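Residues in the sequence shown are numbered from 431 upward in steps of one, following this note's numbering.
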Amino acid sequence: MGLSKLIKNLQELLNTKESRQLKRIQTLEDLLRQLKDKEQKFAARLEVADDAHDIKRLKRRLKVCRAQLKKGQQALFELQNLDDPSV
Numbered sequence: 431m432g433l434s435k436l437i438k439n440l441q442e443l444l445n446t447k448e449s450r451q452l453k454r455i456q457t458l459e460d461l462l463r464q465l466k467d468k469e470q471k472f473a474a475r476l477e478v479a480d481d482a483h484d485i486k487r488l489k490r491r492l493k494v495c496r497a498q499l500k501k502g503q504q505a506l507f508e509l510q511n512l513d514d515p516s517v
């Protein structure tokens with residue numbers, strides 16, 4: 431195989447990898463945005479909740495949302511800095 435063909439194959443492979451990573455980052459950002467909206471919705475509902483069962487359920491959902499947001503934000507940070515050698 432000639433050098434130009436090897437370089438072409440390598441560039442295609444790298445471009446595919448970069449595009450997959452970019453798509454993964456965009457998907458993760460969308461999911462985090464949706465999760466943040468859910469968190470705000472649960473917080474607003476908690477403000478007006480009067481039943482002890484509802485309050486407990488909403489607090490549990492908020493706790494889960496916040497934990498998943500934290501994990502998702504950490505994963506997003508790692509994905510975004512994967513190609514950056516200075517970090």
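Here a beta-carbon is modelled for each residue, glycine too, at the ideal position from N, C-alpha and C.
Here the structure is a predicted model, which is why all the values come from computation and not from measurement.
query, result
"In three-state terms, what does DSSP make of Asn445?", "helix"
"So which of Asn511, Gly502 and Leu512 has the shortest CA-CA distance to Leu458?", "Gly502"
"Taking its Cβ as the centre, do 16 or more other Cβ atoms sit within 10 Å of Phe472, making it buried, or is it exposed?", "buried"
"Just to check my reading of the structure: Ile455 and Leu506 have Cβ atoms closer than 8 Å, yes? What is that Cβ distance to the nearest angstrom?", "7 Å"
"In this structure, how does DSSP classify Asn511 when only helix, strand and coil are distinguished?", "coil"
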